[in-house]
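Peer 1: What follows is a structure written as C-alpha cells; I'll ask about it next.
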Amino acid sequence: MRIIAGKLGGLLFKAPRGRRTHPMSDRIKGAIFNSLGSIEGLSVLDAFAGSGSLAYESVSRGANVVVAVESDKRAVKIMKENVEKLRIQNQCKVVHANVSSWSSNNKDQMFDIVIADPPYDVPRPELLQKLTRHTKDNGLFILSWPAKTDLPELNGLKLEDVRQYSGAQVAYYRK
-13 MRIIAGKLGG LLFKAPRGRR THPMSDRIKG AIFNSLGSIE GLSVLDAFAG
37 SGSLAYESVS RGANVVVAVE SDKRAVKIMK ENVEKLRIQN QCKVVHANVS
87 SWSSNNKDQM FDIVIADPPY DVPRPELLQK LTRHTKDNGL FILSWPAKTD
137 LPELNGLKLE DVRQYSGAQV AYYRK
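Our numbering puts the first residue of the sequence shown at -13, with every later residue one more than the last.
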C-alpha cells in the first residue's frame, strides 16, 4: 500500500494480511482527502484504523496530531512498525484498543476530524453515535458505510454530503 500525496506521498507501507481489516481503496481515500482541502495543523481520529492508511495520509497532508485506534493485535503491530519506518512517531499515536472502550476512557479527547471506517459486516450505529463526542464544534465526522445500507442518523451532527462509490458511500457530517 502507499501514501497518495503530501510530504510522504509515494511512500509504501505494510498492511495486515487476511480479511480482518478492509483497507480503503486509494480512490476513496484520495477523494476524501481532496474534498477536505488543507488539513494543516488539524487533529484527526482514525477510528477502526486497520492498516493505518488514513492516519498516515492525514500526517502526510499536514495533520498535527493523529490517533489511530485498532483492536486487532496484528494490525496494531504492523501500524507501529509503519509509524517508525515513516518517522511520524511525533504526529501519529497508535492505540491498541476496542474503539468503544477507548472512547469511554478518553471522553474529553476532541478532534477536528473523526474518520470512522467500521467493519461493514456488523454495522453498529450506537457505537458511531458514541464516537461523535470526539468531534470538536464545527468539526467533521466522516463515515465510510456500505453502499446499499441506509446511513445512520447521528444526533448532534448535520449530514452535509454523501458520495457514492462502487461498494461504499462516504458521508460527511458536521458538528
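Every residue, glycine too, gets a C-beta built ideally from N, C-alpha and C.
How about lysine 79 and phenylalanine 97: are their beta carbons less than 8 Å apart?
Peer 2: For lysine 79 and phenylalanine 97, no; Cβs fall outside 8 Å.
Peer 1: Kindly indicate the opening and closing residues of the beta strand (DSSP E) around valine 51.
Peer 2: Start and end: 51 to 56.
Peer 1: Any chance you could list the alpha helix (DSSP H) runs of at least 4 consecutive residues sitting entirely within the region 79 to 153, in chain order?
Peer 2: 85 to 91, 111 to 117, all fully within the region 79 to 153.
Peer 1: With three or more beta-carbon pairs closer than 8 Å as the criterion, would you say the region 13 to 22 touches the region 49 to 57?
Peer 2: The region 13 to 22, when compared against the region 49 to 57, does not touch it at the 8 Å Cβ threshold.
Peer 1: Between isoleucine 14 and alanine 154, what straight-line distance do the alpha-carbon atoms span, to the nearest angstrom?
Peer 2: Spanning the two alpha carbons is a distance of roughly 9 Å.
Peer 1: Whole angstroms are fine: how far does the CA of lysine 71 sit from the CA of valine 148?
Peer 2: So the two alpha carbons sit approximately 35 Å from each other.
Peer 1: Using DSSP's beta-bridge definition, name the partner residues of valine 156.
Peer 2: BP columns for valine 156 point to Ser130, Arg149.
Peer 1: With the cut-off set at 8 Å, would you say isoleucine 101 and proline 2 are in Cβ contact?
Peer 2: It is not a contact, given that the beta carbons lie outside the stated cut-off.
Peer 1: Between the alpha carbons of asparagine 124 and isoleucine 99, how many angstroms are there, rounded?
Peer 2: Straight-line Cα distance between these residues: approximately 10 Å.
Peer 1: Can the beta-carbon of glutamate 146 be found less than 8 Å from the beta-carbon of arginine 160?
Peer 2: Contact: yes.
Peer 1: Where glutamate -7 and asparagine 76 are concerned, what is the direct C-alpha to C-alpha distance, given to the nearest angstrom?
Peer 2: Checking the sequence shown, residue -7 turns out to be lysine, not glutamate. So the alpha carbons of these two residues sit roughly 15 Å apart.
Peer 1: Name the DSSP bridge partner or partners of alanine 61?
Peer 2: In the DSSP output, where bridge partners are listed per residue, alanine 61 has none listed.
Peer 1: Applying the 10 Å Cβ sphere with the 16-neighbour rule, what's the burial state of glycine -5?
Peer 2: Exposed, since its Cβ has fewer than 16 Cβ neighbours within 10 Å.
Peer 1: Is the separation between the beta-carbon of leucine 40 and that of aspartate 103 shorter than 8 Å?
Peer 2: Taking 8 Å as the Cβ cut-off, leucine 40 and aspartate 103 qualify as a contacting pair.
Peer 1: Name the one or two DSSP bridge partners that serine 174 has.
Peer 2: Within the shown structure, residues of the chain are numbered from -13 to 161, placing residue 174 beyond reach of any answer.
Peer 1: In this structure, how does DSSP classify arginine -12 when only helix, strand and coil are distinguished?
Peer 2: Here arginine -12 sits in strand by DSSP.
Peer 1: Between the C-alpha atoms of alanine 133 and serine 11, what's the straight-line distance to the nearest angstrom?
Peer 2: Going from the Cα of alanine 133 to the Cα of serine 11 covers about 14 Å.
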